[in-house]
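Enquirer: In this note's numbering, the protein residues as written are 2 to 322.
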Amino acid sequence: MLEKIEIIQRFNFKKLNKHYECFIIDLKRSNAYFNINEMIYPDRFFETDYLASYSYSSILNDLKSRISSKIYTLDEKSVNRFVECFEDLNLFKDFDSDTSSYFEKLENVYSCNINLYFSDKYCEYCIKNNFPEKWLDFGKILFDLFNFDVLNITHLEKIVTNLFFDIKRDGVYGLENNKLDLTSLEFGHYEVHPHDMPKSSIIIDVKKSEIAGYFEKENADLDILFDLLEKYGVYEWIFESYQNKSKNHDSPVLDGYDWYLELVFNDSIIWNMLGHNEYPDTYLCLGEEVKKLTALDLLEIETIPEEESELFNYYGKEKLS
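(1) Between the alpha carbons of D1 and E7, how many angstroms are there, rounded?
(2) Closer than 8 Å by C-beta to P199: which residues in its own chain qualify, once you throw out the five before and the five after it? Chain order, please.
(3) Taking just the CA atoms, how far does Y21 sit from V110?
(4) Let me check understanding here. Comparing Cα to Cα, which of K208, K218, Y233 lies closest to R170?
(5) What span of residues does the alpha helix (DSSP H) with E231 cover, start to end?
(6) Name, in chain order, the residues that DSSP records as bridge partners for R11.
(7) Please state the DSSP three-state secondary structure of K192.
(8) Would you list the residues sitting across from F266 in a DSSP beta bridge?
(9) Buried or exposed: E177, going by 16 or more other Cβ atoms within 10 Å of its Cβ?
(10) So is H156 buried or exposed if we call it buried at 16+ other beta carbons inside 10 Å?
(11) L152 and L143 - do their beta-carbons sit closer together than 8 Å?
(12) Do you know how far the Cα of D76 is from the Cα of D282?
(13) Would you identify the three-state DSSP class for K141, choosing helix, strand or coil?
(14) Would you tell me roughly how many angstroms separate the C-alpha atoms of E108 and V80, rounded to the nearest one?
(15) Where does T74 sit, in a helix, a strand or coil, going by DSSP?
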């Protein structure tokens, strides 16, 4: 019999602006609550640049504000009805769980772990891009029970995952096959030790055709940008199919460098990825072409150790072949 559910959600925005929450539904004790003892990410609002400082702010502020020490009490009828609905839903039937680890070398903007405690077993499922088919139905069941958006479905309408979007080689599409417009791009690469502050290296305002940061240009021809994003599968970096080097090899570097890439579509829909001494398979190949085009190491590929570069060259060329 199902006794407890833990719903652990992580939101990773640029410049260390993160949110972590753990909502526990204890069916055995007939209550539910946020585990505020596991609020491991403090508020970290760093000074940001004019373009992208607003893309995630409203989401992050709302996520922080909803966490409380409130205990939701459930009567016997509500518990029985929830258990019955959850069993009928068969939420994780044929679900292909993503891989998860305590320390993620490459982090997507959103992830969710569901831990199920039964009287005779324990099950764990990880969701990053692949969602159970009846995820929205599960969200409605929870909303009806607790009267708030436990699964953050509303916020996920503004975050690029496979729940509401179709991520392809040439861009991000809505579920009606409408291609979203890329309106801004921001990339940052910074040294972890001695505690370097996250900073942007490149900011691109697509609507104004302006590039700022280490490389500056007005009235830029951004067709080259779109060609590079498609050629190296950047939109699909969030999928494990572009993370083979990371899955098969650990970096020998302990501190090293962190980086982030944020793409904003239609002025408000966020695609974001973070890396900790690790990169997607085609990152180095992209960095080499950017260096040829600009004569600048904008992706700071020279910070990657030689033995790591050899691996990235191997996996990158394999992915592009």
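Ideal Cβ placement from N, Cα and C applies to all residues, glycine included.
Expert: Result, derived from the coordinates:
(1) Because the chain spans 2 through 322 in this model, residue 1 falls outside it and cannot be assessed.
(2) Stepping through the sequence shown from its first residue, residue 199 is reached at position 198. The beta carbon of P199 lies closer than 8 Å to those of K15, K16, L17, F47, G189, Y191, D259, Y261 in the same chain, with the five residues before and after it left out.
(3) Against the sequence shown, residue 110 aligns to sequence position 109. Against the sequence shown, residue 21 aligns to sequence position 20. Looking at the two C-alpha atoms, the distance is approximately 12 Å.
(4) Position 169 of the sequence shown, counted from the start, is the residue given in the question as residue 170. Looking at the Cα atoms, Y233 is the closest of the given residues.
(5) Along the sequence shown, read from residue 1 onward, the residue named residue 231 stands at position 230. 224–232 is the extent of the alpha helix (DSSP H) around E231.
(6) Against the sequence shown, residue 11 aligns to sequence position 10. According to DSSP, residue pairing for R11 in a beta bridge involves Y21, S112.
(7) Numbered from 1 along the sequence shown, position 191 holds the residue referred to as residue 192. A small correction: the amino acid at residue 192 is Glu; Lys does not occupy that position in the sequence shown. Correct three-state label for E192: strand.
(8) One-based indexing of the sequence shown puts residue 266 at position 265. Paired residue(s): L183, I270.
(9) Working through the sequence shown from its first residue, we reach residue 177 at position 176. With fewer than 16 neighbouring CB atoms inside 10 Å of its own CB, E177 falls in the exposed class.
(10) Within the sequence shown, residue 156 is the residue found at index 155, counting from 1. That one is buried.
(11) Looking up residue 143 in the sequence shown gives position 142. Looking up residue 152 in the sequence shown gives position 151. Taking 8 Å as the cut-off, the beta carbon of L143 is found closer than this to the beta carbon of L152.
(12) Sequence index remark: in the sequence shown, residue 282 carries index 281 (1-based). Sequence index remark: in the sequence shown, residue 76 carries index 75 (1-based). Linking D282 to D76 through their CA atoms gives a straight-line distance of about 51 Å.
(13) For the purposes of this step, residue 141 is identified with residue 140 of the sequence shown, where counting begins at 1. Three-state DSSP puts K141 in a helix.
(14) Here the question's residue 108 lines up with position 107 in the sequence shown. Here the question's residue 80 lines up with position 79 in the sequence shown. The alpha-carbon of E108 is positioned some 35 Å away from that of V80.
(15) Counted from its first residue, the sequence shown places residue 74 at position 73. For T74, the secondary structure class from DSSP, reduced to helix, strand or coil, is strand.
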